[in-house]
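In this text, residue positions in the sequence shown follow our numbering: the first is 213, and each later residue adds one.
Beta carbons are placed, not taken as given, at the ideal position from N, Cα and C, and that holds for glycine.
Remarks on the structure that follows.
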Amino acid sequence: MKNKILRIKKSLYVLHTKVRSLFGLLDAQDANSMLKHGVFAMHLDIKKVSKNFGGIVALDKCSLEIKEGKIIAIIGPNGSGKSTLFNVISNIVSAGKGKIYFSKEDITGREEHEIAKIGISRTFQEVRLFKNLTIEEHLKVALSDSDYKLIKSFFYRQPNEDDRIKEILEMVGLKKPVSTLSSELSYGQKKLLGLAVAIAKPHSILMLDEPVAGINPELRKEIFRIIKELNNKGESIAIIEHDMNFVMNLAHYIYVLDSGRLIAEGTPREVQKNKRVLEAYLGK
Ligand SMILES: Nc1ncnc2c1ncn2[C@@H]1O[C@H](COP(=O)(O)OP(=O)(O)OP(=O)(O)O)[C@@H](O)[C@H]1O
Ligand SMILES: [Mg+2]
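Have a look at this one:
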């Protein structure tokens, strides 16, 4: 009987999702709710994506997957196409060729805000913050998951919002008064705020573009710990990083890019031993 009710519940969710998806209404909360009810497993499937900028081949038929509850890392030398891959997924630049599926749904070419709405939250290599907004304002905007809530958030205090802001700031270890303007933060603190903003947005995938680049060793360790902690709570994470050592103890699976091509993939151990990686990436 219990199983029958569960099956009916799942079928209703699937139907509900199909209808919402048909009208382009599917959002991060639907996705999270469905994940919670076991209706689907989050799965981002990138199929043979290519991107050229004029004569430059930034991505050449790259296929990779982000699976629920896993940390995947994308490594490779400068200019190998790592950020372009994130930009194509979030449709900041359009994919020249190839397809992107979010839990089997084709999301190729969806508007940037729609991609964010279905729950793909990301940080940028060059932190993007609003100079004239405080830490608290950044997080309030991020926590607002619809335009209506966004407008409302400027006029009313949302219940539990202050607690959530405090919780996120504690998690990323940003120890500054919430009234501090982002322009008053150091480089490392800006990186932490960028991470806090990505975490605050309703999401089912976090994509982090070099979260520890230019960061001192102490803070690197701290960010390593934060990413591990997020993953322990069940978050699915994709991280771009140059430093193979950093991702070795962090990622479950690693993709290696070189000149826009995927030259290797596997567990950290497999990738570390891969001859092509040693030659192309480590120059050995
Ligand atoms: N908007 C753009 N217009 C023109 N060329 C671009 C653009 N974005 C990226 N490229 C080019 O595409 C290639 C891949 O760049 P990308 O930024 O993806 O590399 P990356 O692996 O992230 O490098 P890095 O490690 O330095 O961040 C580079 O040759 C870069 O100059
Ligand atoms: Mg980059």
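Mind checking whether the beta-carbon of residue i lies closer than 7 Å to any heavy atom of ligand 1?
i	result
G291	yes
F342	no
A270	yes
G267	no
V483	no
M310	According to the sequence displayed, residue 310 carries Gly and not Met. Checking the Cβ of G310 against ligand 1 gives no.
V390	no
G288	yes
K305	One detail in the question is off: residue 305 reads as Val in this sequence, not Lys. Yes, Cβ of V305 sits closer than 7 Å to a heavy atom of ligand 1.
Which residue wins for smallest C-alpha separation from residue i, given the options the options?
i	options	result
E277	I286, D455, E434, A354	I286
G478	V489, I452, G472, H325	V489
E434	G385, N299, L256	G385
I377	Y399, I347, S398	I347
F298	E447, Q337, N444, S416	Q337
V390	L420, L345, V468, S398	L345
E447	K273, S416, S356, F314	S416
D375	Y399, A412, G400	A412
M383	F436, R340, E326, G321	F436
E379	M456, L355, L397	L355
R340	Y313, I301, L397, I319	L397
P480	F314, D455, I217	D455
Y313	S471, E349, G472, A253	A253
R322	K316, V300, S315	V300
A425	F458, S471, K216	F458
S471	K273, I217, K316	K273
V305	M213, T320, K216	T320
T392	E349, I217, E317	E349
Where DSSP assigns a beta bridge to residue i, which residues make up the other side?
i	result
D470	R473
Y465	I284
K263	L271
T346	L393
G478	I466
R334	M419
K279	H255
E317	F314
K309	S262
I451	A285, L420
Under 7 Å from any heavy atom of ligand 2, does the C-beta of residue i make it?
i	result
Q337	yes
S295	yes
D470	no
D455	no
I451	no
D257	no
D375	no
D318	no
With the cut-off set at 8 Å, would you say residue i and residue j are in Cβ contact?
i	j	result
P414	G331	yes
K259	K311	yes
G406	T335	yes
S292	F342	no
N381	L418	First, the amino acid is wrong: residue 381 is Leu here, not Asn. Cβ atoms of L381 and L418: not closer than 8 Å.
N303	E324	yes
K402	P423	no
K387	E373	no
S275	L474	yes
T296	L271	yes
I452	I439	no
K309	L469	no
L420	I466	no
A408	S333	no
A307	V261	yes
A492	V483	no
Q: Could you tell me whether the stretch 450-466 touches the stretch 278-298, where touching means 3 or more Cβ pairs closer than 8 Å?
A: Three or more beta-carbon pairs separated by less than 8 Å link the stretch 450-466 to the stretch 278-298, which places the two stretches in contact.
Q | Touch test, the stretch 252-271 against the stretch 430-439, Cβ-Cβ under 8 Å, three pairs minimum | A | Contact between the stretch 252-271 and the stretch 430-439 is absent, with fewer than three C-beta pairs closer than 8 Å.
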